[in-house]
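Residue numbers for the sequence shown follow my numbering, so the first one is 274 and each next one is one higher. Glycine included, each C-beta is placed from N, C-alpha and C at the ideal position. These numbers come from a predicted model, not from an experiment.
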Amino acid sequence: MRVITLLILTFIFVSCKNEPKTVESATESSKIEVGLLQEAVLSSGKLYRIEAFPTDYIQPRPVDIWLPDNYSNAEKCAVLYMHDGQMLFDSTTTWNQQEWKVDEWASKLMSQNQTKPFIVVAVHNIPEIRWLDLFPEKAFLNIEASKRQELLENGMNNMKNVSLNGDNYLKFIVEDLKPYIDSNYSVYTNAENTFIAGSSMGGLMSMYAISEYPEVFSGAACLSTHWPGAIPSDDSLFPDAIFKYVEAKLPQAGHHKLYFDYGNQTLDIHYPQYAPRLDDILAQKGYTDTDARNLFFEGTDHSENSWNKRLDVPLTFLLGKQ
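So, in structure tokens, the structure goes:
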């Protein structure tokens with residue numbers, strides 16, 4: 274747990290073979306109420322909501338569960354966990370009237386037999402603490418101790434009792450949410466059929482998730498990954514700290530699929546400089562085009578309207594039928 278500077282906090286408002294771990298759920302399914310969002314504007318499928326998923330790890334927040342039209346107990350589905358859940362399905366309810374068009378792409382790709390059947394579990398963010406939840410917490414430890422202390426002291430001067438919470442955010446997904454989904458929906462529970470995806474800070478968190486829990490997730494999609502870590506600046510200590518973490522912890526090739534991408538407009542203008550470093554790490558870990566991508570989309574910006582134009586690319590890459 275770390276106290277962070279006010280400058281870093283400001284960013285949350287402008288950006289949108291390992292030993293197996295034993296996972297036990299602290300959540301009782303009987304205490305969780307799920308409601309159908311009948312007013313949701315969807316192209317297909319049904320959207321259900323748990324208004325405040327109970328957990329001791331993070332501040333409770335809504336979780337949406339999207340089921341395709343042909344969902345039934347007779348057929349098991351893969352599961353795609355996604356961050357920033359309130360931005361994925363219905364532009365009439367989002368702050369910027371944009372959406373990822375997850376239901377449009379998922380239903381289209383499944384109907385065309387381009388992907389295996391899957392459901393989507395969408396974890397909402399809480400804007401005031403989004404950055405704290407989605408920053409890859411252990412990367413902070415790669416900053417020199419004296420500099421960390423400086424960050425801590427500066428943070429204390431601006432805002433007290435602020436803590437990074439990325440590790441607990443992942444514990445919520447792995448120890449509370451996933452066991453609930455596994456027990457209550459017709460889904461495969463193995464890593465081969467469990468994926469995680471997000472953009473910007475959600476892209477960082479998806480990378481962090483597959484690095485911390487490679488036995489839980491077999492694939493991660495990281496769109497417009499926010500390698501600067503916070504507000505971009507030339508003297509920021511965060512990018513190097515994050516890449517040191519990636520070098521040390523990203524799983525070796527062989528059992529996972531990794532998707533990264535970036536544009537070059539608005540906030541994405543800061544990302545192309547990091548592509549060679551990521552490419553080098555992927556190559557060093559044995560990844561090739563068959564199990565890892567780091568794609569550049571010329572002229573695209575940092576918005577749902579950019580991500581929804583290329584969402585089919587990561588979906589078919591991760592969930593495509595073999």
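Closest Cα partner of residue i within the set the options
i    : options                   : result
S459 : V352, A325 and Y321       : V352
A521 : M480, K444 and S436       : M480
F408 : K444, F490 and A503       : A503
P234 : E448, S316 and V519       : An answer regarding residue 234 cannot be provided, because it is not within the stretch 274 to 595 covered by the chain.
G536 : A565, S576, D553 and D507 : S576
G439 : F413, T365 and L361       : F413
K381 : Y354, L437 and G318       : G318
D357 : G471, P512, L531 and Q332 : G471
Q359 : V393, N386, Q385 and I331 : V393
A556 : A464, Y544, L531 and T366 : L531
A395 : Y354, K411, I323 and R403 : Y354
N581 : N343, A347, A379 and S345 : A379
D337 : K304, L477, Y518 and V375 : V375
S579 : Q371, I323 and L320       : Q371
S473 : I542, K444 and N457       : I542
K304 : Y544, A325 and Q311       : A325
L361 : S345, E348, N346 and W339 : W339
V519 : K558, L450, N463 and E348 : K558
Y461 : D507, S384, R421 and E348 : E348
N463 : K420, S316 and S491       : S491
F516 : I554, S506, D507 and V489 : I554
Terminal residues of the alpha helix (DSSP H) in which residue i lies
i    : result
P339 : It is worth fixing the name first, because residue 339 is Trp in this sequence and not Pro. It is not in any alpha helix (DSSP H) - W339 instead sits in the beta strand (DSSP E) that spans V336 to L340.
Y598 : The displayed coordinates of the chain run from 274 to 595. Any statement about residue 598 would go beyond what the structure contains.
V375 : V375 to S384
T589 : D585 to L592
Per-residue burial, residue i [other beta carbons within 10 Å of its own, 16 or more giving buried]
i    : result
W500 : buried
N466 : buried
T563 : exposed
T498 : buried
G308 : exposed
W368 : exposed
S484 : buried
P341 : buried
A418 : exposed
K451 : buried
K420 : exposed
Bounding residues of the beta strand (DSSP E) (the contiguous stretch that carries residue i)
i    : result
N567 : A565 to F569
L315 : No beta strand (DSSP E) contains L315, which DSSP labels as neither H nor E.
L405 : Element bounds for L405: not the beta strand (DSSP E) but the alpha helix (DSSP H), R403 to L407.
M355 : A351 to M355
V396 : F391 to V396
Contact set for residue i: own chain, Cβ-Cβ below 6 Å, skip 5 residues either direction
i    : result
T295 : Any reading at T295 is ruled out, since the residue's pLDDT is 35, under 50, leaving its predicted position unreliable.
R334 : H397 and I399
I416 : L510 and A514
P587 : A494 and Y532
L310 : L320 and R322
Residues near residue i by beta carbon distance below 7 Å, same chain, minus five either side
i    : result
K389 : A351, L592 and K594
N441 : Y330 and I331
D585 : W378 and L382
T283 : Only weak support is given to the placement of T283: the predicted model assigns it a pLDDT of 40, under 50, and the value that follows is read from those uncertain coordinates. If we look at T283 and ignore the five residues flanking it on each side, its Cβ neighbours are I504.
G476 : C495, L496, S497, T498 and H499
V314 : D363 and T365
Y599 : One cannot answer for residue 599 here, as it falls past the ends of the chain, which runs 274 to 595.
L551 : F533 and N567
Cβ-based neighbour list, residue i, same chain, cut-off 8 Å, excluding 5 preceding and 5 following
i    : result
E571 : G536 and N537
T589 : L382, Q387 and T388
P512 : W500, P501, G502 and Y547
F569 : D534, Y535, G536, N537, P545 and A548
Short CB-CB distance (under 8 Å) between residue i and chain D
i    : result
E401 : Among the protein chains of the structure shown there is no chain D, as only one such chain exists.
Any non-hydrogen atom of the ligand PLP within 7 Å of residue i CB
i    : result
A412 : The ligand PLP is absent from the structure shown, which contains no ligands of any kind.
| task | Jot down the residue ranges of each uninterrupted beta strand (DSSP E) in the segment 525-561, minimum 3 residues, whole runs only, in chain order. | result | 530-535
If you scan the segment 434-504 from start to end, which runs of the beta strand (DSSP E) of 3 or more residues do you find wholly inside it? 467-472 and 492-496
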